[in-house]
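Below: one structure, written as C-alpha cells.
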Amino acid sequence: MAGNTVEYTIGGVKIHFPCKAYPSQLAMMNSIVRGLNHGQHCLLESPTGSGKSLALLCSALAWQQAQYSMSDWNKRTVHARDPLCLPGSLRSFRLLSLQRENKVMTMISRLMGSACGHLLLTRRFVCNLLALKQAFVTDSYSQQVTLFLCRSFDAQQSRKRRCLEKGVVYIDDDGDAELERPVAGAQSWTVELGTQARSPVSCSLCPCASLRDGQKAGEKAKDKDKEVNGKKTIPKIFFGTRTHKQITQLARELKRTLYSTVPMTILSSRDHTCVHPEVMPHANRNERCKELLEAKNGRSCRFYHNVHKMREQSSLQWVHGLHQAWDIEELVCLGSKLRSCAYYAARELMQEACIVFCPYNYLLDPLIRNSMEINLKGQIVVLDEAHNIEDCARESASFTLNQTQLLQSREEIEGLVTYNIRRSNHEPLLAFCCSLLNWIEESSSALQERDYESACKVWTGKEVLGIFHGLGITAGTFSALQKHLEVVLEKEERISLVNGREDAVQIPTISSSTQSVLTSLFMVLEFLFRQNCRFADDYRVALQQSYIWTTQQDALDVHGFFARPSRRRQSTRTKKLVHTLSFWCLNPAVAFSDLSDSVRSIVLTSGTLSPMGSFSSELGIKFSIQLEASHVISKSQVWVGTVGMGPQGRRLCATFQHTETFAFQDEVGALLLKVCQTVSRGVLCFLPSYKMLDKLRDRWMNTGLWEKLEERKTVIAEPRGGAKSDFDELLQTYYEAIGQSGPRDGALLIAVCRGKVSEGLDFTDDNARAVVTIGIPFPNIKDLQVELKMKYNDQHSKSRGLLPGGRWYEIQAYRALNQALGRCIRHRNDWGALILVDDRFRANPNKYITGLSKWVRQLVKHHDNFTSAIQSLVSFSQIQQGAVQTHIEELGQMAPSSVSGSDTPTLLSPVDSLVLPQSSEVQTVVPSVNSTAEPVSPLVLINTDVSL
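In this text, residue positions in the sequence shown follow full-length UniProt numbering: the first is 1, and each later residue adds one.
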C-alpha cells in the first residue's frame, strides 16, 4: 500500500491516489465519478501506460466507500462473540482514519464501552493484528488501535483465569487447530461448564446473534437489491477484463492504493483454481470435479468440504494473511495449504466482496452468469480492455454445434427413455432433438456451393422461427421444454432395496456434454422467442457442409492383435463429411440488453477504443460520458512514421494482390532487416494474418534473408494455436535474448494482429523499442460470418443508426492495428518507434489515419522514401539511447543517502513534485471537466491545519 497519498476531491468524492495523478488520470476519474453519481454509462479511452487501471480502481472504490459513509455503514455494530468479526471493526477504523481523528476516538470508546467490547481473542490472532496494524491505519492513530487491542487481550486473559478457577474449559485453547475451524458457526466459540454446553449470551446490539445455523447462508442468497433495514444496498463493482493475466496486473495495482484492504474476490475457471491432486492432471477438469462432487465412485471431494476455511472475507484477510489485494495464485496457494477448494471459495467470497474481478465473458455470457450465480441488477460493471467487447457480446449470444453432437445427445436421451427414467420429461426433449436432426438432414440436399469442398445455406431468424413452428416448436411449447430441461438436470435420489436393505440410489442424469448442447441451444432459442420475437431479425442461422481429415490407425484383427508390426504399422487419412449448424447473433445489443436494462452504470475502457462512434449504436446503449485522453509521454519519446517505399524503392501496399508477389515479400524483408540493424534490443513485427506469416517465413528462408535476420537478432515467430505452456516458453526465450549481451543485439518477435502477442502482453522498455506493422489487418472478407454482418449493418444502418457494413469492416481493422501499436509505450519514461508500413496511410490519410488512436494520429509523419525514414529513425534512436545513458550516469553520481530506500512508483507525475511539510495535508479539488476538451491541470490546495 502506498505510504504517501494525494487526496483529490472530484464530484464531492474524496479519492486517495498513491501518487500525483496525470491530467489524463484526473480526467478519467472525473468522468467515472460523474457517471456513477448520475447512473450514466461511460466510454473512456486512455492510452496504454497512462495509468488507466489505477484511475479506474481508485475512483470507483472511492465512490463506493463514499456511499457506505452516507448510509452510516461505518457505524454498523459488530458481533462480539465471533473474533473473526473484529477485522470488520478494524476495517471501520481503516475507513474512518481517512476522515478525522475525533470519529476514530468515538468508535473506539463506543466499542470499549458497549456490550460488544469484551472480545474473546486467541493470542496468535491478536499478535497477528498488532503486527499488521500499520497496514490499515495511519501512524497518527496507531497508538489508539494498539491500546484498544491490548486492553481487549488483557481483559480476555483475566476473564479466562477467573473462569478456569471455576472449572470452565475453553475449547479455543488448541492454538493453530482453532484457526482451521469453521468461522460461521457460533459453537466453536462457546464455553463448556462441566459436561453441559452453555449457549453464548445474546447481544442486543448485534442483529446477527439471533440468526440460527444456516440462516446466514440464506440471507446471502437474497436479492441484493432488496432494502436491508430500510437502507438500499450499496452497489458492488464487477471489474471485467480479457484475461486472467490482466487480472493479476490489476491486483498488483490495487495493492499500491489505500483501498488495498477492500473485500474482494476473483472469479475464474477450474483450470486456474482447482487444487485437487486427482482433478489437476485430468484433461476435462470440470467433468472430473463434478464426478467427485456427486460421489459417483463412492469418493467425494475433501477440498470442497473444507471450503468453509476460506469462504469468509474476515477469515481470509485477518487469519490467513491475505489482508491486502491478492491474485488468484495466492488464493490457490492458500487452498493447497488448507486443503480447501479455491474455486468454490472464490464464489463464496463474492457475497461479501465490494469488488469482483473476472474475465468479462463471465458478465456477458448468460450461461456463465447463471452458473456462477452472478446478479448484476443495480451493480456497477467496469469492462477494461473493452476494444473487443462487440465481438464478445455477439459470441455470448451465439452457438454452433455439429450433427454428431446432436446425434449423441439424442441417443443418450433415448436410452433414458428406454429405461423409463423421468420418461415424461425426457420424451419431449427427445422429440426436440429428433425434429432438429430431421430438419438438418432434409436441408443438407439444398445447400449451395461456396468454396472448394464447402457449401452452405443461410436463414434469417424469422425464417427459422417459421420452420420451427412447423416442427411444433413455438413460444408456448418452448416454455414447456425449458421446464422439462430444468427437471432432468435436477439431482434426485430414490430409496431402493439393495441386497435386502433400503439404500438411497441416485437417479441417472444426462451427461455434461448433452447438458452443454441443450442449455446452449435453449439459450439461443430464448433470445429468439424473447419479448414477442424482438431479436429474431438479429440472428442468422447457417447450415454449413465441409470436409475434415481424420487419421485412423490400423484396425485390430479378430484376436485383438495388430496385423502388422509396429515399425510397419500405417495410419490412414480419410476425409469425413461434417455438417455444422450455427446460430449467429449479428447484433451485440442482444447480449448487452441483459446488462443495460439492469445495471446502475457501465464503464467501458481501453487504450484502443478509437474509432469510438460504433459503440453506442452497436451495443444499443447511450454513453452519456465519453473521453479520449492524451498520452502522458512527451512527443520526443515516440517516433511515429508511415513508410510506403522499401529500400529498393518499390511501393509497399499490403493488399491481397500485392502480398502474393515475391517482389513485395522481398521488399518487406529488406525493410525489416534494416530496422533490426537500426533499433537495438527488442523489435515487434505484426502481420495481418497467420497466412502471410507463413508465406513470408517460407520466402525468407529460401532467399537467405531469415538467416541474415538471425545473425542480427534472435528471431521468434508466434505459433498458430498450441498449448499455453509452449507460448510462454517462446516469450521467455524472447525476453532472455533481449537481456543477454553477445553477437546478437536483442530479439525480433514476428506476430499476428488479433493474436496472443497483440493482446494484453506488456513489452516495456527494451522488450519493445520498435513496433513494425505490415499492412492493415482487415478481417477475412470471405468469411461467411463477416459477410453476413456487413449485410446486416447495411440493412439497418438507417433504421437503427448502425454503421454501414463497409465502415464497420474498416473499424475492425483499426482497432486491431491500434492494439498492436499499443504494445510499445508502457509507462511515462518509456520510449520507442511505431513504424506503419503501407503506402495507403500516405496516399489517403483522411481515410486511414483517422482510425488510429488520438495520441498516435497526432504524431504521425509521412515519409516519401525509405531513406528519409531510416535517417530519421537512426537519429531518434541515438538521441533516446544517449538520454538513457546520461540519466544512468546522473543516478550513479547521486549520493547513496539520497536514493537509498526510495521506491519510485511506475507512474511519475509529469508536473514537478511539490515538497510539503510532513504535517501538511494535500487536497486537490478538480472542477468539472468537459470530456471532449483537453484535461486541465489540477488545482492544488495546501491545507496545513490537520485538526480540521
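Virtual Cβ for every residue (Gly too), placed ideally from N, Cα, C.
Residue i, buried or exposed, once every other Cβ within 10 Å from all chains shown has been counted against 16
i    : result
Q25  : buried
A131 : Low local confidence applies: a pLDDT of 46 at A131 is under 50, so the model's placement there is unreliable, and no value is given.
L407 : exposed
N587 : buried
T725 : For the sequence presented, residue 725 should be read as Ser rather than Thr. Classification of S725: exposed, given that the 10 Å Cβ count is below 16.
K789 : buried
I234 : buried
R681 : buried
M28  : buried
I750 : buried
M372 : buried
T655 : exposed
K782 : exposed
T404 : exposed
H305 : exposed
E449 : exposed
Simplified DSSP state of residue i, which is helix, strand or coil
i           : result
L518        : helix
I781        : coil
P281        : coil
Y452        : coil
Q858        : coil
C19         : coil
E628        : strand
V590        : helix
C354        : coil
residue 992 : Because residue 992 is not part of the residues shown, which for the chain are 1 to 948, the question remains open.
S601        : strand
A325        : coil
A768        : coil
S300        : coil
W831        : coil
G722        : coil
L581        : strand
I849        : coil
L709        : helix
Sub-9 Å separation of residue i and residue j beta-carbons
i           : j    : result
V757        : L693 : no
L43         : S616 : yes
E710        : K491 : no
residue 954 : L687 : It is not possible to answer for residue 954, since the shown part of the chain is limited to 1 through 948.
Q819        : G607 : yes
F592        : Y539 : no
H579        : Q545 : yes
A833        : V771 : yes
V243        : E759 : For the sequence presented, residue 243 should be read as Thr rather than Val. Yes, Cβ-Cβ distance for T243 and E759 is below 9 Å.
T241        : L383 : yes
I879        : L604 : no
E287        : S512 : yes
T714        : L836 : no
V517        : V464 : no
I825        : I633 : yes
P263        : I374 : no
A816        : P845 : no
T48         : R807 : no
L429        : H484 : yes
T273        : V332 : yes
Cβ separation of residue i and residue j, assumed to be a contact under 8 Å, to the nearest whole Å
i    : j    : result
P18  : T5   : 6 Å
I380 : K236 : 7 Å
L254 : S260 : 6 Å
R302 : A345 : Not a contact, Cβ separation roughly 14 Å.
F529 : L376 : About 22 Å separates the two Cβ atoms, so there is no contact after all.
Within-9 Å CB hit, residue i to chain D
i    : result
T418 : Looking at the structure shown, chain D is missing, and only one protein chain is on hand.
Subject >> Length-filtered (4 minimum) alpha helix (DSSP H) runs lying within the stretch 253-277 >> reply: 270-273
**OP:** Return the chain-ordered ranges of every beta strand (DSSP E) run that is complete within the stretch 603-680 and spans a minimum of 3 residues.
**Re:** 625-628 and 638-643
Original post:
Mind pulling the alpha helix (DSSP H) runs of 4 or more residues that sit fully within the stretch 327-403?
Top reply: 328-338, 342-349, 361-364, 366-371 and 389-396
Original post:
What residue ranges within the stretch 417-490 form continuous beta strand (DSSP E) runs of no fewer than 3 residues, ordered along the chain?
Top reply: The qualifying runs are 448-451 and 454-460.
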